[in-house]
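Participant: If you number the sequence shown the way the working numbering does, the last residue is 403 and the count never jumps.
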Amino acid sequence: MTTSFAPRIFSGIQPSGGLTLGNYLGALKRFAEYQGQGAETIYCVVDLHAITVWQDPEKLRHNTREVAAAFMASGVDPEVSVLFNQSQVSQHAELAWLFNTVARVGWMYRMTQFKDKAGKNSENSSLGLLAYPSLMAADILAYHATEVPVGEDQKQHLELTRDIAAKFNHDYGVDFFPITKPMIEGTATRVMSLRDGSKKMSKSDPSDATRINLTDDADAIAQKIRKARTDADPLPGSMEGLQDRPEAKNLVNIFAALTGESADQVLARFEGQGFGAFKPALAEVAVESLAPITEKMTRFMADPAEIDRIMGRGADQAAAIAQPIVERTKEIMGMIRSR
Ligand code: AQP
């Protein structure tokens, strides 16, 4: 018999630096849209993930509140969704340990994010960085989440979550964990660097010119778009014509994701025009979309105690769901529960 699980969406964002347009289009913007659509929504600031690479403690506190503020500024309503920071719910770390005994070391070494972040000196990276996907599986499965909205870069980690759930169910002869579905949707599932169309836009890239931050003002956004790498050719009438032009393709996809059009619709409007016309139009659209979010984030950040209160309440709600699931996991594995 196959267990049916109630629809539940979980996703998280690391407080590992200022948030980017990639985080907004690939994740945040969509999180709000899933609210009230039938599935319970649980959103988390994943601070335990952030520390897999050293974080300055003061900055980590600031960034954690800023990510919570960004969730709310993007439309995540803590009265509708559960919103909290990961380290306040101990079941995440507890279940991650149990999953460390299920997952295989080889699976972890195959993760491209580990290879990218560990670089050439992987022996010297933290053990946490290697085990990161096991914690991510715990984040998701501690809530029996059925769906996870993420950007394209997280696809491999989600496959590993499915592998861990399937191996646990198989090893213990149960049907306890759901095989979670990734939700990789929209025109901006992989927003690329403004300086290199082959690299993902990332908050931890050493160069600020590669990304648009959610805290950038209108001038900074316009300047970064003006300086974005492109080519000298005019824009074609459809996306097929952009196959070998990654930087141009990226800017068109960003435009489409911001306005809610398809990339082909955007190109139909700009066909035959060069970047001299396209970039100022993109800057205008970007500023128009991001300025209200930046403004709301600033307002939330003016009251850090209120953010902490909201995350504390969310943590209680989250723990109430996760605790019985983690307790049952231990029972299944043969651990004695005497109280
Ligand atoms: N460039 C991107 N395009 C689309 N989606 C993106 N996401 C991140 N970058 C892009 C999505 O944002 C969510 C949160 O990501 P994260 O903070 O947990 O970690 P990440 O994926 O590693 O993002 P960054 O910005 O690259 O962070 P650092 O630099 O700290 O590693 C995820 O759903 C992700 O897919």
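Note that CB positions come from ideal geometry on N, CA and C, so glycine has one too.
Should residue 337 be labelled buried (16 or more other beta-carbon atoms within 10 Å of its own) or exposed?
Facilitator: In the sequence shown, counting from the first residue as 1, residue 337 sits at position 273. Residue 337 comes out exposed.
Participant: Do residue 80 and residue 267 have their CB atoms nearer than 8 Å?
Facilitator: The residue you call residue 80 lines up with position 16 of the sequence shown. The residue you call residue 267 lines up with position 203 of the sequence shown. Yes, they are a contact pair.
Participant: Nearest to residue 68 by alpha carbon, out of 210, 113 and 326?
Facilitator: As a working mapping, residue 68 is identified with position 4 in the sequence shown. The option with the nearest alpha carbon to residue 68 is 210.
Participant: According to the neighbour-count rule (16 or more other Cβ atoms, all chains shown, within 10 Å of its Cβ), is residue 311 buried or exposed?
Facilitator: Working through the sequence shown from its first residue, we reach residue 311 at position 247. By the beta-carbon neighbour count (other beta carbons within 10 angstroms, threshold 16), residue 311 is buried.
Participant: Go ahead and pull the three-state DSSP assignment for residue 104.
Facilitator: Within the sequence shown, numbered from 1, the residue matching residue 104 stands at position 40. Strand.
Participant: With a CB to CB cut of under 8 Å and the five nearest residues on each side skipped, what residues in its chain are close to residue 285?
Facilitator: Here residue 285 refers to the residue found at position 221 when the sequence shown is read from its first residue. Within the same chain, residue 285 has close Cβ partners 276, 347, 350, 351 and 354.
Participant: Need the endpoints of the alpha helix (DSSP H) that residue 72 sits in, please.
Facilitator: Within the sequence shown, residue 72 is the residue found at index 8, counting from 1. Where residue 72 is concerned, there is no enclosing alpha helix (DSSP H), although the beta strand (DSSP E) it sits in stretches over 72-77.
Participant: Taking 7 Å as the cut-off, is the beta-carbon of residue 254 closer than that to any non-hydrogen atom of the ligand AQP?
Facilitator: Residue 254 sits at position 190 when you count from the first residue of the sequence shown. Within the cutoff, so yes.
Participant: Report the rounded CA-to-CA distance for residue 164 versus residue 396, giving the unit in angstroms.
Facilitator: Along the sequence shown, read from residue 1 onward, the residue named residue 164 stands at position 100. Along the sequence shown, read from residue 1 onward, the residue named residue 396 stands at position 332. Roughly 16 Å separates the two Cα atoms.
Participant: What residue range is occupied by the uninterrupted beta strand (DSSP E) comprising residue 247?
Facilitator: The count along the sequence shown starts at 1 and reaches residue 247 at position 183. Taken as a continuous stretch (DSSP letters only), the beta strand (DSSP E) holding residue 247 covers 245-247.
Participant: Exposed or buried, residue 400, counting other C-beta atoms within 10 Å across all chains shown (16 or more means buried)?
Facilitator: Stepping through the sequence shown from its first residue, residue 400 is reached at position 336. Residue 400 comes out exposed.
Participant: Roughly how far, in whole angstroms, is the beta-carbon of residue 318 from the beta-carbon of residue 137, given that I think they are within contact range, below 8 Å?
Facilitator: Along the sequence shown, read from residue 1 onward, the residue named residue 318 stands at position 254. Along the sequence shown, read from residue 1 onward, the residue named residue 137 stands at position 73. With 8 Å as the limit, residue 318 and residue 137 do not qualify as a contact, their Cβ atoms being about 19 Å apart.
Participant: Please give the ranges of any alpha helix (DSSP H) in the region 145-176, keeping only runs that are unbroken, at least 4 residues long and fully inside the region.
Facilitator: 155-164 and 169-173
Participant: Distance, Cα to Cα, residue 378 vs residue 149?
Facilitator: Start at 1 with the first residue of the sequence shown, and residue 378 comes out as number 314. Start at 1 with the first residue of the sequence shown, and residue 149 comes out as number 85. Distance between the alpha carbons of residue 378 and residue 149: 8 Å.
Participant: Taking 8 Å as the threshold, find out whether the region 193-202 comes into contact with the region 150-164 through three or more Cβ pairs.
Facilitator: Yes, they touch.
Participant: Tell me whether residue 88 is buried or exposed, calling it buried when 16 or more other Cβ atoms sit within 10 Å of its Cβ.
Facilitator: As a working note, residue 88 is residue 24 in the sequence shown. The residue is buried, with at least 16 neighbouring Cβ atoms inside 10 Å.
Participant: So what's residue 391 in DSSP terms, helix, strand or just coil?
Facilitator: Numbered from its first residue, the sequence shown carries residue 391 at position 327. Residue state, collapsed to three classes: helix.
Participant: Would DSSP call residue 242 helix, strand or coil?
Facilitator: Translated into the one-based positions of the sequence shown, residue 242 becomes position 178. Looking at residue 242 - three-state DSSP - the assignment turns out to be coil, as it is neither helix nor strand.
Participant: Let me check understanding here. Comparing Cα to Cα, which of 206, 240 and 244 lies closest to residue 223?
Facilitator: On the sequence shown, position 159 is the one that residue 223 refers to. Ranking 206, 240 and 244 by Cα distance to residue 223 puts 244 first.
Participant: Take residue 294 as the anchor and find which of 300, 258 and 282 has the nearest alpha-carbon.
Facilitator: Translated into the one-based positions of the sequence shown, residue 294 becomes position 230. The shortest C-alpha separation from residue 294 is found at 258.
Participant: Distance, Cα to Cα, residue 256 vs residue 86?
Facilitator: If you number the sequence shown from 1, residue 256 lands on position 192. If you number the sequence shown from 1, residue 86 lands on position 22. Looking at the two C-alpha atoms, the distance is approximately 8 Å.
Participant: Let me check you understand the geometry: is the CB of residue 140 closer than 7 Å to at least one non-hydrogen atom of the ligand AQP?
Facilitator: As a first step, residue 140 is located in the sequence shown; it is residue number 76 there, counting from the start. Answer for residue 140: no, Cβ out of range of the ligand AQP.
Participant: Do residue 192 and residue 105 come within 8 Å of each other at the CB atom, strictly closer than that value?
Facilitator: Mapped onto the sequence shown, residue 105 falls at position 41. Mapped onto the sequence shown, residue 192 falls at position 128. The answer is no: Cβ separation not under 8 Å.
Participant: Near residue 404, which residues of its chain fall below 6 Å by C-beta distance, leaving aside the five closest residues on each side in sequence?
Facilitator: The structure shown does not extend to residue 404, since the chain is modelled only from 65 through 403, so no value can be given for it.
Participant: Per DSSP, which one or two residues make a beta bridge with residue 109?
Facilitator: In the sequence shown, residue 109 corresponds to position 45, counting from 1. Residue 109 pairs with 77 and 149.
Participant: Pull up the CB-CB distance for residue 151 and residue 107, whole angstroms please, since I reckon it's below 8 Å.
Facilitator: Counting from 1 along the sequence shown, the entry for residue 151 is found at position 87. Counting from 1 along the sequence shown, the entry for residue 107 is found at position 43. With a Cβ gap of about 15 Å, residue 151 and residue 107 do not count as contacting.
Participant: Would you grab the beta carbon distance between residue 129 and residue 371 for me? Rounded to a whole angstrom, and I think it's under 8 Å.
Facilitator: The count along the sequence shown starts at 1 and reaches residue 129 at position 65. The count along the sequence shown starts at 1 and reaches residue 371 at position 307. Confirmed, Cβ separation roughly 5 Å.
Participant: With a threshold of 8 Å on Cβ separation, who are the neighbours of residue 229 within its own chain once the five nearest residues in sequence on each side are excluded?
Facilitator: For the purposes of this step, residue 229 is taken as residue 165 along the sequence shown, with counting starting at 1. The residues are 201, 205, 241, 242, 243 and 244.
Participant: With DSSP as the reference, label residue 316 as helix, strand or coil.
Facilitator: Here residue 316 refers to the residue found at position 252 when the sequence shown is read from its first residue. Three-state DSSP puts residue 316 in a helix.
Participant: For a test of the three-state rule: what should DSSP assign to residue 253, helix, strand or coil?
Facilitator: As a first step, residue 253 is located in the sequence shown; it is residue number 189 there, counting from the start. In the three-state DSSP reduction, residue 253 falls in the coil class, being neither helix nor strand.
Participant: Quick one, are the C-beta atoms of residue 384 and residue 207 less than 8 Å apart?
Facilitator: Numbered from 1 along the sequence shown, position 320 holds the residue referred to as residue 384. Numbered from 1 along the sequence shown, position 143 holds the residue referred to as residue 207. Not in contact: residue 384 and residue 207 (Cβ atoms no closer than 8 Å).
Participant: Which value, in whole angstroms, describes the spacing of the CA atoms of residue 120 and residue 272?
Facilitator: For this step, residue 120 is matched to residue 56 along the sequence shown. For this step, residue 272 is matched to residue 208 along the sequence shown. Each residue's alpha carbon lies about 19 Å from the other.
Participant: Helix, strand or coil: how does DSSP classify residue 325 here?
Facilitator: The residue given as residue 325 occupies position 261 in the sequence shown. Three-state result, residue 325: coil.
Participant: With distances taken between CB atoms, is the gap from residue 340 to residue 215 smaller than 8 Å?
Facilitator: Here the question's residue 340 lines up with position 276 in the sequence shown. Here the question's residue 215 lines up with position 151 in the sequence shown. Their beta carbons are not under 8 Å apart, which means residue 340 does not touch residue 215 by this criterion.
Participant: Kindly list the residues whose CB is nearer than 6 Å to the CB of residue 391, restricted to its own chain and excluding five residues on each side of it in sequence; keep chain order.
Facilitator: Within the sequence shown, numbered from 1, the residue matching residue 391 stands at position 327. Contacts found: none.
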